[in-house]
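Below is one structure; the comments refer to it alone.
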Amino acid sequence: MGDSKNWAAQAGDYANHRYSNLSQINASNVGQLQVAWTMSTGVLRGHEGSPLVIGDTMYVHTPFPNNVFAVNLKDQSYKWKYEPKQDVQVIPVMCCDTVNRGLAYADGKILLQQADTTLVALDAASGKEIWKVKNGDSKIGETNTNAPHVFKDKVITGISGGEFGVRGRLIAYDLKTGNKVWTAWSTGPDNELLVDPKKTMTWTNGKMAPVGKDSSLKTWEGEQWKLGGGTTWGWYAYDPKLNLVYYGTGNPGTWNPSQRPGDNKWSMTIFARDLDTGMAKWAYQMTPHDEWDYDGVNENLLVDIDFKGKKVPALVHFDRNGFGYTLNRETGELLVAEKYDPKVNWATKVDMKTGRPIVDKKYSPQTTGPDVDVKDICPAALGSKDQQPATYDRKSGLILVPTNHVCMTYEPFQVEYTAGQPYVGATLTMFPAPGSHGGMGNFIAWDPAAGKIVWSKPERFSVWSGALTTAGDIAFYGTLEGYIKAVSTKDGKELWKFKTPSGIIGNVFTYQYEGKQYVGTYSGIGGWAGIGMAAGLTGHTEGLGAVGGYKDLAKYTTLGGSLFVFAIPSGPAAQSAAR
Amino acid sequence: MRWLVALLVMALPLASPRADEARIYEVKDGNKVDAKTLMGWKTWRALACERCHGAAQEGAIGPPLVESLKKLSKEEFHTTIMNGRPDKGMPPFNASPMVNQNWEGLYAYLKGRSNGEIQPGRLSALEPAK
Chain G
1 MGDSKNWAAQ AGDYANHRYS NLSQINASNV GQLQVAWTMS TGVLRGHEGS PLVIGDTMYV
61 HTPFPNNVFA VNLKDQSYKW KYEPKQDVQV IPVMCCDTVN RGLAYADGKI LLQQADTTLV
121 ALDAASGKEI WKVKNGDSKI GETNTNAPHV FKDKVITGIS GGEFGVRGRL IAYDLKTGNK
181 VWTAWSTGPD NELLVDPKKT MTWTNGKMAP VGKDSSLKTW EGEQWKLGGG TTWGWYAYDP
241 KLNLVYYGTG NPGTWNPSQR PGDNKWSMTI FARDLDTGMA KWAYQMTPHD EWDYDGVNEN
301 LLVDIDFKGK KVPALVHFDR NGFGYTLNRE TGELLVAEKY DPKVNWATKV DMKTGRPIVD
361 KKYSPQTTGP DVDVKDICPA ALGSKDQQPA TYDRKSGLIL VPTNHVCMTY EPFQVEYTAG
421 QPYVGATLTM FPAPGSHGGM GNFIAWDPAA GKIVWSKPER FSVWSGALTT AGDIAFYGTL
481 EGYIKAVSTK DGKELWKFKT PSGIIGNVFT YQYEGKQYVG TYSGIGGWAG IGMAAGLTGH
541 TEGLGAVGGY KDLAKYTTLG GSLFVFAIPS GPAAQSAAR
Chain E
580 MRWLVALLVM ALPLASPRAD EARIYEVKDG NKVDAKTLMG WKTWRALACE RCHGAAQEGA
640 IGPPLVESLK KLSKEEFHTT IMNGRPDKGM PPFNASPMVN QNWEGLYAYL KGRSNGEIQP
700 GRLSALEPAK
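Those sequence lines, one after another, are chains G and E.
So in the working numbering the end of the first sequence lands on 579, straight run, no missing numbers.
So in the working numbering the end of the second sequence lands on 709, straight run, no missing numbers.
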């Protein structure tokens with residue numbers, strides 16, 4: 001992973017920077033980028049995540065059925081293929097497309113987290129299974145979309161199913177054997193949460209204080225925590241010096257807030273846990289008693305910043321709820337919480353003393369109660385940003401963030417739990433943020449110490465692709481229409497774009513092979529924003545409201561499943577054309 | 580057009596409603612229904628029936644109820660919803676308080692959908708009689 005020629009982890013590193021030291025492709029020559037080679041994945045659903053590159057091999061993954069191809073970079077031939085057999089009954093219990101966010105690599109192994117909750121370790125050289133474990137039950141709506149992450153000697157994985165009353169947890173397996181080391185639940189009794197009531201800290205009245213006994217149980221009525229959600233399908237991070245793993249938890253069970261009084265801890269929370277034991281060092285709940293489906297799963301970027309004249313080991317998180325948070329990642333102290341989209345209106349601000357949002361009653365489905373349309377809530381349920389990961393430009397210190405600019409009408413209604421059936425309880429419609437540029441997204445640059453937008457580039461649709469920055473002073477991202485774009489990190493000026501056959505929801509990655517730098521991305525529309533197209537839905541409230549909101553996508557793109565790899569042409573003709 | 584349907588005699592060639600099925604729901608403008616039928620629709624929504632039977636009861640993984648309800652008797656409907664059809668993937672709903680309380684309203688709602696008199700989508704309460 002230390003070698004910038006490789007792209008050995010989904011984020012390129014443990015800290016979620018998605019930054020590369022490579023600079024052959026840079027602001028002055030990126031306009032010459034051309035397609036070097038392409039490859040079909042053979043699957044027509046949403047393609048999230050990115051391939052990995054280790055040495056002369058690229059490891060490509062697909063959405064369900066989660067095939068893996070080891071590609072020889074010399075001639076793009078296949079070294080091996082792994083094609084798991086999975087029960088198709090898994091598909092209907094995946095809320096927001098059959099995506100998979102990619103593979104992990106360590107110690108000569110490729111780790112695949114299948115949709116049916118099977119975690120497999122493959123021999124990176126042969127594709128043969130080394131070990132295989134199951135971490136959930138799809139019959140009760142438990143599935144996986146997350147990438148497994150390898151930190152030190154452990155494989156960390158989570159669970160999806162927040163729309164099916166699944167009880168979230170993070171699970172650590174031993175990389176060598178596949179034996180389970182610990183499970184840390186998001187809701188429930190202290191011993192299952194892996195919190196120490198006296199030692200696990202949280203932001204309380206302007207300082208850190210112990211969470212206390214039964215910190216989760218106290219915030220639920222009866223046994224509702226058993227259907228409590230708080231699923232863990234995002235990107236995780238690891239600080240080797242502190243030996244802490246960082247991740248966020250998702251929405252509490254049922255989207256109808258009236259049915260689950262209380263703060264519903266620890267849904268919507270950033271956890272810092274000891275990698276070896278799973279014990280929580282600190283926790284911070286961003287959206288207590290969620291009323292909008294603002295999952296807290298988005299990635300945490302570990303960056304060191306100057307904050308009020310002091311060097312601080314920080315963690316930066318762009319929450320679905322529209323606030324960009326900066327915390328001290330060692331202690332858990334809250335430093336910054338500011339809106340990263342000026343249209344965010346469900347809360348006026350975050351009270352820096354309590355750490356809680358000040359909710360505007362006008363946009364509160366809890367206040368209005370069931371069966372009432374709450375109009376013009378910004379952002380929509382899919383957040384000012386969903387899973388599409390941001391990138392930290394180590395040169396400028398800015399974070400470049402792919403965002404959504406979408407609002408919603410939210411009607412909560414009563415639901416009953418049946419195992420394996422959706423447990424949602426809200427009807428949604430989505431639309432571009434009113435009174436703005438008319439588009440549904442922005443690509444922004446964010447100053448994490450000041451909590452301010454530095455520049456913002458409007459986009460027609462949500463930017464649902466993960467971004468990349470490089471030492472070449474450029475940032476890359478994809479759009480739902482199918483463009484891959486390069487922009488200047490200084491001002492967001494567009495320097496290059498190329499239209500791929502389908503919408504891009506994958507993450508842009510880069511590597512070097514035989515002395516040459518390449519940039520690549522998957523092209524394949526889907527995910528929550530593209531679910532209408534991916535699953536063939538047409539009703540405007542279907543896809544949890546995304547089908548109507550993103551209906552115009554059909555004018556620009558269609559289903560696809562391919563990998564695109566770009567490079568600067570090196571022949572003499574290309575050189576002269578560039579002059 | 581404002582009208583009130585009282586399901587007395589409908590000239591359906593295949594399945595004419597029996598006398599005891601008369602007036603099982605009231606509907607106005609296609610989307611305003613009596614209290615019992617409204618609770619039937621809310622039960623439909625609460626149990627996420629649309630996931631298998633489609634948002635407009637047109638069928639998906641499960642059969643189209645707009646068709647099934649033309650043939651299914653009230654008793655058969657009751658048996659099916661309570662016991663499910665586990666062999667075909669339908670879970671039993673006999674443990675659901677809402678189904679136990681409102682299954683007749685749900686039957687009325689689905690009859691109205693099947694007869695084409697209740698529209699798909701959101702419903703509201705009929706205003707109280709003046």
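Where a beta carbon is used, it is the ideal one built from N, C-alpha and C, also for glycine.
These numbers were taken from a predicted model, which means no experiment stands behind them.
- With at least 16 other beta carbons inside 10 angstroms of its own, residue 616(E) counts as buried.
- Approximately 7 Å separates the beta-carbon atoms of residue 443(G) and residue 492(G); this is inside 8 Å, confirming the contact.
- Leaving aside the five residues that flank residue 401(G) on each side, the residues in its chain whose CB is nearer than 6 Å to its CB run, in chain order, 318, 390, 444, 446.
- With respect to residue 563(G), residue 522(G) sits close: the two C-beta atoms are nearer than 8 Å.
- Note that the C-beta distance between residue 480(G) and residue 529(G) is below 8 Å.
- Residue 168(G) is positioned such that its CB atom lies no closer than 8 Å to that of residue 156(G).
- Under DSSP, no beta-bridge partner is assigned to residue 342(G).
- If you draw a 10 Å sphere on the C-beta of residue 554(G), you find fewer than 16 other C-beta atoms in it, and that means exposed.
- Residues of chain E whose Cβ lies closer than 8 Å to the Cβ of residue 413(G) are, in chain order, 621, 624, 625.
- The Cβ neighbour count for residue 320(G), taken over all protein chains shown within 10 Å, is at least 16; the residue is labelled buried.
- Using a Cβ-Cβ cut-off of 8 Å, residue 669(E) does not count as an interface residue toward chain G, since no Cβ of chain G sits closer than that to its own.
- The contact set of residue 542(G) on chain E, defined by CB atoms closer than 7 Å, consists of 634 in chain order.
- Cβ proximity to chain E below 8 Å picks out 418, 419, 420, 421, 422, 423, 424, 425, 427 from the stretch 417–441 of chain G.
- Here residue 405(G) carries a coil assignment [DSSP, helix/strand/coil].
- Collapsing the DSSP output to three states places residue 372(G) in coil.
- Around residue 656(E), no beta-carbon contact reaches into chain G at under 8 Å, the shortest distance being about 18 Å.
- Residues of the stretch 513–539 of chain G with a Cβ closer than 7 Å to any Cβ of chain E, in chain order: 539.
- The continuous alpha helix (DSSP H) containing residue 190(G) extends over residues 190–193.
- Taking 8 Å as the cut-off, the beta carbon of residue 407(G) is found closer than this to the beta carbon of residue 379(G).
- With respect to residue 340(G), residue 355(G) sits apart: the two C-beta atoms are not nearer than 8 Å.
- In the displayed model, residue 662(E) falls within a helix according to three-state DSSP.
- Contact check between the stretch 230–238 of chain G and the stretch 132–148 of chain G: three or more CB pairs, one atom from each, fall below 8 Å, which counts as touching.
- Contact annotation, residue 432(G) with residue 405(G): C-beta distance approximately 7 Å; criterion of less than 8 Å satisfied.
- With contacts defined as CB atoms closer than 8 Å, residue 40(G) and residue 21(G) fail to qualify as a contacting pair.
- For residue 295(G), same chain residues with a beta-carbon under 6 Å away, outside a window of 5 residues either side, are 250, 251, 320 in chain order.
- Taking a contact to require three or more Cβ pairs closer than 8 Å, the stretch 104–111 of chain G and the stretch 83–92 of chain G do not qualify as touching.
- Under the Cβ distance rule, residue 677(E) counts among the residues neighbouring chain G, one pair being separated by less than 8 Å.
- For residue 640(E), the neighbours in chain G by C-beta distance under 8 Å run, in chain order, 92.
- Distances from the alpha-carbon of residue 643(E) to those of 693(E), 706(E), 702(E) put 693(E) closest.
- For residue 630(E), the chain G residues whose C-beta falls within less than 9 Å of its own C-beta are 92, 421, 422, listed in chain order.
- Relative to residue 221(G), the option among 426(G), 29(G), 263(G), 246(G) whose CA is nearest is 263(G).
- According to the DSSP secondary-structure assignment, residue 201(G) is paired through a beta bridge with 210(G), 282(G).
- Annotated three-state conformation of residue 65(G) is coil, per DSSP.
- Burial check for residue 135(G): the Cβ neighbour count within 10 Å reaches 16 or more, so the residue is buried.
- Per the C-alpha coordinates, the member of 511(G), 26(G), 47(G) positioned closest to residue 66(G) is 47(G).
- Out of 129(G), 110(G), 133(G), the CA that lies nearest to the CA of residue 119(G) is found in 133(G).
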